[in-house]
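The block underneath contains the structure these notes are about, expressed in structure tokens.
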Amino acid sequence: MLPAIPNAWSALLRSETQKPYFRALDAFLDEEVAGGHTVLPARADIFTALQLTPPDSVKVLLLGQDPYPTPGHAHGLCFSVQPDVRPLPMSLRNVYKELHDDVGFRVPNNGHLAPWARQGVLMLNTVLTVRARSANSHARRGWETFTDRIIELVADRATRVVFLLWGGAARRKAVLVPQPHHVIVECAHPSPLSARKFFGCRCFSRTDQKLVEAGVAPIDWAIPDV
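Okay, so the sequence shown: first residue is 631 according to this note's numbering, each after it adds one.
As structure tokens, then:
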């Protein structure tokens, strides 16, 4: 089921893909498909975050939980949806509201966040697949071990990376980033259940400020219309 690791990451992650947990994960996904279940995102999109953001270009790591379980939404970048998805998921609408209030973001007509990834925002979910219409259904199958390793590899970078951790599950990953030259920006999750605490966090301007302080170019958060 699993595609090859994108070339830029393959050497760094080769040892992980040879471990028993990863092989068991791959076998589990094969069983899901054989059982008639739809696995999201599409096979070719599972490692989109790694494909669009090579390890030497990571400036920000934005951590989500697992892909959207609605068919046609997920494409391998946390919080992002395919360009034709309407209406946008509520979490993403709340992200856009905070961006508008924080940095004057012009709300676009779509939720396709690939332009962020191409600027060095590694948009990583802790779990990279899900059974269609069953949120969190692929948790505790091995993905967390794999993505923890990715976080550790990013934390090994000598240049500053800002880790954007939204919500309790993401914030618990801060222990994987002990290096003092990095910055962790924590706030509530943009889910409707906690958006009241997310609004006003100013996490986007804070991220840019911490990048600029380290001599790293800030992120252009603008998303073009489609």
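Glycine included, every Cβ here is placed at the ideal spot set by N, Cα and C.
Query raised in the report: For GLY764, which residues does DSSP report across the bridge?
Result: In the sequence shown, residue 764 corresponds to position 134, counting from 1. A small correction: the amino acid at residue 764 is Ser; Gly does not occupy that position in the sequence shown. The partner list for SER764 (beta bridge, DSSP) reads ARG761.
Query raised in the report: Are at least three pairs of beta-carbons, each pair with one atom in the region 700-713 and one in the region 770-790, less than 8 angstroms apart?
Result: no
Query raised in the report: Should the region 751-758 be regarded as contacting the region 769-777, the criterion being three or more beta carbon pairs within less than 8 angstroms?
Result: yes
Query raised in the report: Buried or exposed: which applies to VAL737, given that a residue is buried once 16 or more other Cβ atoms fall within 10 Å of its Cβ?
Result: Along the sequence shown, read from residue 1 onward, the residue named residue 737 stands at position 107. Exposed.
Query raised in the report: What are the boundary residues of the alpha helix (DSSP H) that ILE780 is part of?
Result: Your numbering for residue 780 matches position 150 in the sequence shown. First-last of the alpha helix (DSSP H) with ILE780: 773-785.
Requested in this report: Measure the C-alpha to C-alpha separation of ALA634 and ALA765 and round it to an integer number of angstroms.
Outcome: Residue numbering aside, residue 634 sits at position 4 when the sequence shown is read from its first letter. Residue numbering aside, residue 765 sits at position 135 when the sequence shown is read from its first letter. Answer to the nearest angstrom: the Cα atoms are 25 angstroms apart.
Query raised in the report: Beta carbon of LEU841, beta carbon of VAL805: below 8 angstroms?
Result: The count along the sequence shown starts at 1 and reaches residue 841 at position 211. The count along the sequence shown starts at 1 and reaches residue 805 at position 175. In this structure, VAL805 does not lie closer than 8 angstroms to LEU841 by Cβ.
Report task. Could you tell me which residues DSSP puts in a beta bridge with ILE814? Result -> Within the sequence shown, the letter at position 184 stands for residue 814. Per DSSP, PHE793.
Query raised in the report: In three-state DSSP terms, what is ASN755?
Result: Numbered from 1 along the sequence shown, position 125 holds the residue referred to as residue 755. Residue state, collapsed to three classes: strand.
Query raised in the report: Among residues of its own chain, excluding the 5 on either side of SER767, which ones have a beta-carbon nearer than 7 angstroms to its beta-carbon?
Result: Here residue 767 refers to the residue found at position 137 of the sequence shown. For SER767, where only same-chain residues beyond five positions count, the Cβ hits under 7 angstroms are VAL760 and ARG761.
Query raised in the report: What three-state label does DSSP hand GLY694 in the structure shown?
Result: Locating residue 694 in the sequence shown gives position 64, counting from the first residue. Strand.
Report task. Output the distance between the C-alpha atoms of ARG770 and PRO808, rounded to the nearest integer angstrom. Result -> Taking the sequence shown and counting its residues from 1, one reaches residue 770 at position 140. Taking the sequence shown and counting its residues from 1, one reaches residue 808 at position 178. For ARG770 and PRO808, the distance between alpha carbons rounds to 24 angstroms.
Query raised in the report: Does the region 712-725 touch the region 739-748, meaning 3 or more C-beta pairs lie closer than 8 angstroms?
Result: yes
Query raised in the report: Within 10 angstroms of its Cβ, does PRO697 collect 16 or more other Cβ (buried), or is it exposed?
Result: Here residue 697 refers to the residue found at position 67 when the sequence shown is read from its first residue. Flag for PRO697 reads buried.
Requested in this report: Identify whether ALA643 lies in helix, strand or coil by the three-state DSSP scheme.
Outcome: The count along the sequence shown starts at 1 and reaches residue 643 at position 13. Per the sequence shown, residue 643 should be read as Leu rather than Ala. Note: LEU643 maps to helix in three-state DSSP.
Query raised in the report: Residues in its own chain within less than 7 angstroms of ALA747 by CB, not counting five upstream and five downstream?
Result: Residue 747 sits at position 117 when you count from the first residue of the sequence shown. Only ALA679, LEU682, THR683, LEU707 and MET753 meet the Cβ criterion.
Query raised in the report: Under a Cβ-count criterion, where at least 16 other Cβ atoms within 10 Å of its own Cβ denotes burial, should GLN648 be classed as buried or exposed?
Result: Position 18 of the sequence shown holds residue 648. So GLN648 ends up on the exposed side.
Query raised in the report: Do VAL693 and LEU795 have their CB atoms nearer than 8 angstroms?
Result: The residue given as residue 693 occupies position 63 in the sequence shown. The residue given as residue 795 occupies position 165 in the sequence shown. Note that residue 693 corresponds to Leu in the displayed sequence, not to Val. In contact: LEU693 and LEU795 (Cβ atoms closer than 8 angstroms).
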